[in-house]
Amino acid sequence: AAWVLPAPGRSGANASARIAIKDGRFTSVGTRVGGSPDPSARPLALSGRWEDRVVVPALANAHDHGRGWRQSALGLPRWPLESWLPTLSLVPGVDPYLVAAASFARSLRAGVTTAMVHYTRWQGLVDPVFEALAVARAARDVGLRIAFAPSLRDQQPLAYCDSAPVLAALRPSIRDAVGRRLAAPMPPVREQLARVHAIASALATSGLSEVAAFQYGPTGVQWCSDELLRSVAQASGETGRPIHMHLLETRYQREWADARFPGGIVTYLDRLGLLSERLTLAHCTWARREELDLLAARGVTIAINTSSNLLLKSGIAPVREMIEAGCRVAIGLDGMALDEDDDALREMRLGGALHRGWGYEQVIDDGALWDMAAVNGRRAVLGAPGAAAEPGGRIEAGYVADALVLDRQALVDPLLGDALDPSEALFAVGRAALIRDVIAGGRVVVEAGRVRGVDEVQITQALRDAVQTAIGADPTWADWRSSLLALGEDLGPFYRSGRLLTCCG
Numbered sequence: 111a112a113w114v115l116p117a118p119g120r121s122g123a124n125a126s127a128r129i130a131i132k133d134g135r136f137t138s139v140g141t142r143v144g145g146s147p148d149p150s151a152r153p154l155a156l157s158g159r160w161e162d163r164v165v166v167p168a169l170a171n172a173h174d175h176g177r178g179w180r181q182s183a184l185g186l187p188r189w190p191l192e193s194w195l196p197t198l199s200l201v202p203g204v205d206p207y208l209v210a211a212a213s214f215a216r217s218l219r220a221g222v223t224t225a226m227v228h229y230t231r232w233q234g235l236v237d238p239v240f241e242a243l244a245v246a247r248a249a250r251d252v253g254l255r256i257a258f259a260p261s262l263r264d265q266q267p268l269a270y271c272d273s274a275p276v277l278a279a280l281r282p283s284i285r286d287a288v289g290r291r292l293a294a295p296m297p298p299v300r301e302q303l304a305r306v307h308a309i310a311s312a313l314a315t316s317g318l319s320e321v322a323a324f325q326y327g328p329t330g331v332q333w334c335s336d337e338l339l340r341s342v343a344q345a346s347g348e349t350g351r352p353i354h355m356h357l358l359e360t361r362y363q364r365e366w367a368d369a370r371f372p373g374g375i376v377t378y379l380d381r382l383g384l385l386s387e388r389l390t391l392a393h394c395t396w397a398r399r400e401e402l403d404l405l406a407a408r409g410v411t412i413a414i415n416t417s418s419n420l421l422l423k424s425g426i427a428p429v430r431e432m433i434e435a436g437c438r439v440a441i442g443l444d445g446m447a448l449d450e451d452d453d454a455l456r457e458m459r460l461g462g463a464l465h466r467g468w469g470y471e472q473v474i475d476d477g478a479l480w481d482m483a484a485v486n487g488r489r490a491v492l493g494a495p496g497a498a499a500e501p502g503g504r505i506e507a508g509y510v511a512d513a514l515v516l517d518r519q520a521l522v523d524p525l526l527g528d529a530l531d532p533s534e535a536l537f538a539v540g541r542a543a544l545i546r547d548v549i550a551g552g553r554v555v556v557e558a559g560r561v562r563g564v565d566e567v568q569i570t571q572a573l574r575d576a577v578q579t580a581i582g583a584d585p586t587w588a589d590w591r592s593s594l595l596a597l598g599e600d601l602g603p604f605y606r607s608g609r610l611l612t613c614c615g
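Heads up, the sequence shown is in this note's numbering, so the first residue is 111 and it goes up one at a time.
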């Protein structure tokens, strides 16, 4: 490559460098092109000339849901999370392999080789175990490594309280439909845990666990009973399996938490035994400093989701306080990247622009920002044991060979920068459109912008056709969309009026 950036922001770039890979790991970095290569080596099938390549470590998506469709396709208002969540029911269930493969291919092409899949939207056409295996097969075929956290929830499906007062606050014309479709009883805790343990066992015996690691996925404290969270904490402690969960994403979750847990929601989680290095918490947008201190002390990873929080009007995470408290912070896309394109490089830059500090202060430097996007995110996905055994996020000997090959001519303006270290340009203009090739585990999985393992165009079109066919076959779809629009409007006054706090108090 013309340039190799082994640890962007932390070490200098190597010019005219050769990288060696064996058995899926980097073995040497920095040998200058023109030297004597290993005579047994063979070049990877990368696109273009080596003089036009800038190689950087691949990124990790620390929080996502594996949705294959774009939110804007629904044509709905840009609501807050509380009104937005019910709209997910508008997309009919289709082949889970298509949904996952479309999402994974887009993510891989945009520079992510390791991704968290908090699976909160089941397609429901097959048994959950078979659905989970279909998602894992999609990851294998695409060339992406994932953690699969099947969702667990057993309370408060409509708002952060019992459903009765919420339904009473809705206009009469939609109450029955909303209650029937969104407030049905949920399976008991024992049944849900039996299901996720069956999924974990199936992944382990299917040969797919190498590409799809298992995690417990309680959706969030407001959606999980004490019994469910306590059971997850116990199971994680006994098995060593990681946990992935949302926490304090919105101001209304903050208000609910303060009313429900006067002694503090993070202290409550600690009493249950949930706080440990095995836990990743998504968002923490409304976390307070004393809560962050406790999370840091317990070794919890926090996955911020900058674009998602902005698009859903959830707020801006207190990253300065997270860093000052000593928290391990990673970056997630949450299926809601700024341009709905899973661009992890742009997400990293957006987070840096918001959180690096103002004026001459420096809260986060480039090296710390890259660690959030590549190193800490990988740990959140693979869990502490996997991260220790398989170091990644760097181009160094012994590290897993995951890398992005960027177009040097597009990254650095030839007028000024032919001989300049491209590190500054990476943090200034880095984006998915600059990625030509992607290497994962020493294999070329994206070549010249095309995913090699699957036909992304064909899969995406098949997914669109399947969704459109299912919508066309459902005579109630248009009416349900109208009901969801009304529900989204009615939930606003419910939250703003303070009735939520009255209910949970």
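Cβ coordinates follow ideal geometry from the N, Cα and C atoms, glycine included.
With DSSP as the reference, label Phe240 as helix, strand or coil.
helix
What would DSSP say about Leu514, mapped onto helix, strand or coil?
strand
Since I believe Gly221 is in contact with Leu460 (beta carbons under 8 Å), could you give me their beta-carbon distance rounded to a whole number of angstroms?
Incorrect: roughly 14 Å between the Cβ atoms, too far for contact.
Considering only the beta carbon of each residue, do Arg591 and Leu254 sit closer than 7 Å?
no
Out of curiosity, what's the CA-to-CA distance linking Ala497 and Ser311?
Residue placement at Ala497 is poorly supported in this model, since its pLDDT is 44, which falls under 50; the coordinates still yield a value, given next. C-alpha separation (whole angstroms): 22 Å.
Where does His307 fall in DSSP's three states?
helix
Have a look at the DSSP bridge pairing and note the partners of Trp113.
Ala125, Val164
Go ahead and pull the three-state DSSP assignment for Ala155.
coil
Evaluate contact between the region 423–436 and the region 384–398, counting only Cβ atoms and requiring at least three cross-stretch pairs below 8 Å.
yes
In whole angstroms, what is the alpha-carbon distance linking Tyr207 and Gly445?
17 Å
If contact is defined by three or more beta carbon pairs under 8 Å, each pair taking one atom from either stretch, is the region 154–168 in contact with the region 551–558?
yes
Can you tell me the Cα-Cα spacing of Gly477 and Gly185, whole angstroms?
39 Å
Please confirm whether Gly564 and Asp205 have their CB atoms less than 7 Å apart.
The amino acid at residue 564 is misidentified as Gly; the sequence shows Val. Here Val564 is not near Asp205, since their CB atoms are 7 Å or more apart.
Starting from Gly140, follow the beta strand (DSSP E) in both directions and report where the run begins and ends.
Taken as a continuous stretch (DSSP letters only), the beta strand (DSSP E) holding Gly140 covers 135–142.
How would you write the range of the alpha helix (DSSP H) that Tyr470 sits in, first residue to last?
Premise fails: Tyr470 is in no alpha helix (DSSP H) and is neither H nor E.
For Glu359, is the classification buried or exposed, using 16 other Cβ atoms within 10 angstroms of its Cβ as the cut-off for buried?
Result: buried.
Please state whether the Cβ-Cβ distance between Pro267 and Tyr229 is less than 7 Å.
no
Cutting at 7 Å between CB atoms, please list the residues of its own chain near Leu530, excluding the five before and the five after it.
The beta carbon of Leu530 sits closer than 7 Å to those of Val522, all from its chain and outside the five residues before and after it, given in chain order.
Could you check which residue in Ala406, Arg135, Arg180 has the C-alpha nearest to that of Asp451?
Arg180
Grab the span of the beta strand (DSSP E) containing Leu357 for me, first residue to last.
353–357
Taking the beta strand (DSSP E) that Met226 falls in, what are its first and last residues?
222–229
Find out if the Cβ-Cβ distance for the pair Arg546, Asp517 is shorter than 7 Å.
yes
Please report the distance separating the alpha-carbon of Ala673 from that of Ala576.
This structure leaves residue 673 out entirely; the chain is present only between 111 and 615.
For Val439, which of helix, strand or coil comes out of DSSP?
strand
I'd like the list of long-range same chain contacts for Gly203, defined as Cβ closer than 8 Å, with 5 residues on each side in sequence excluded.
Trp232, Gln233, Gly234, Leu235, Ala580
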